[in-house]
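Each remark here refers to the structure printed beneath this line.
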Amino acid sequence: MEVGGTIKGGVVVLDAPLEAPDGTRVKVEVVDGDETPGEWVKAFAGCVEDMPEDSSVNYHRTLYGNRER
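Counting with our numbering, you get residues 588 to 656 for the letters of the sequence shown.
Below is the structure:
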(Lines of atoms letter the chains of each structure in order from A and count residues from 1; the text may use other names and numbers.)
(Lines give C-alpha, C1' and ligand atoms only; values in the text may rest on other atoms or scores of the structure.)
Protein backbone atom coordinates (compact mmCIF):
# COMPACT_ATOMS: atom_id res chain seq x y z
CA MET A 1 0.00 0.00 0.00
CA GLU A 2 1.30 3.45 -0.84
CA VAL A 3 -0.11 6.78 0.34
CA GLY A 4 1.40 10.18 -0.40
CA GLY A 5 1.73 12.98 2.09
CA THR A 6 3.53 16.15 3.11
CA ILE A 7 5.66 17.08 6.11
CA LYS A 8 4.03 19.89 8.12
CA GLY A 9 5.63 20.96 11.37
CA GLY A 10 7.71 17.78 11.51
CA VAL A 11 4.66 15.54 11.16
CA VAL A 12 3.65 13.53 8.09
CA VAL A 13 0.18 14.62 6.93
CA LEU A 14 -1.28 12.03 4.56
CA ASP A 15 -3.10 12.95 1.35
CA ALA A 16 -5.82 10.37 2.07
CA PRO A 17 -7.02 8.49 5.14
CA LEU A 18 -5.04 5.36 5.91
CA GLU A 19 -7.10 2.55 7.34
CA ALA A 20 -4.54 0.89 9.57
CA PRO A 21 -4.75 0.12 13.27
CA ASP A 22 -2.89 2.23 15.82
CA GLY A 23 0.63 0.96 16.32
CA THR A 24 1.06 -0.10 12.70
CA ARG A 25 4.68 0.47 11.65
CA VAL A 26 5.22 2.47 8.47
CA LYS A 27 8.19 3.36 6.29
CA VAL A 28 8.54 6.95 5.07
CA GLU A 29 10.57 7.60 1.92
CA VAL A 30 11.44 11.18 1.02
CA VAL A 31 11.02 11.70 -2.73
CA ASP A 32 12.58 14.42 -4.85
CA GLY A 33 9.65 16.52 -5.99
CA ASP A 34 11.73 18.37 -8.60
CA GLU A 35 12.06 15.34 -10.88
CA THR A 36 9.76 15.46 -13.90
CA PRO A 37 8.12 12.30 -15.27
CA GLY A 38 10.42 12.56 -18.30
CA GLU A 39 13.50 12.62 -16.08
CA TRP A 40 12.23 9.62 -14.17
CA VAL A 41 11.65 7.64 -17.38
CA LYS A 42 15.03 8.70 -18.77
CA ALA A 43 16.70 6.76 -15.95
CA PHE A 44 15.47 3.57 -17.65
CA ALA A 45 16.65 4.50 -21.16
CA GLY A 46 18.89 1.85 -22.64
CA CYS A 47 18.24 -0.82 -20.01
CA VAL A 48 16.53 -3.20 -22.43
CA GLU A 49 19.05 -4.46 -24.94
CA ASP A 50 17.29 -7.35 -26.68
CA MET A 51 14.09 -5.84 -28.09
CA PRO A 52 13.18 -6.50 -31.74
CA GLU A 53 14.12 -3.58 -34.02
CA ASP A 54 10.47 -3.04 -35.00
CA SER A 55 9.22 -2.79 -31.39
CA SER A 56 8.13 0.82 -31.74
CA VAL A 57 5.94 -0.04 -34.73
CA ASN A 58 4.70 -3.43 -33.52
CA TYR A 59 4.57 -2.61 -29.81
CA HIS A 60 1.32 -4.55 -29.39
CA ARG A 61 3.09 -7.74 -30.47
CA THR A 62 6.11 -6.99 -28.29
CA LEU A 63 4.05 -6.19 -25.19
CA TYR A 64 1.05 -8.47 -25.59
CA GLY A 65 2.08 -11.16 -28.07
CA ASN A 66 -0.50 -10.02 -30.65
CA ARG A 67 0.05 -10.49 -34.36
CA GLU A 68 1.63 -7.76 -36.49
CA ARG A 69 -0.60 -5.05 -37.92
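Beta carbons: idealized from backbone N, C-alpha and C, even for Gly.
- Counting along the chain, V628 sits inside the alpha helix (DSSP H) bounded by residues P624 to K629.
- DSSP places T649 in the helix class (H, G or I) of the three-state scheme.
- According to DSSP, residue pairing for T593 in a beta bridge involves V600.
- Taking a contact as a CB-CB distance under 8 Å, the pair D609 and V590 does not count as one, their CB atoms being some 16 Å apart.
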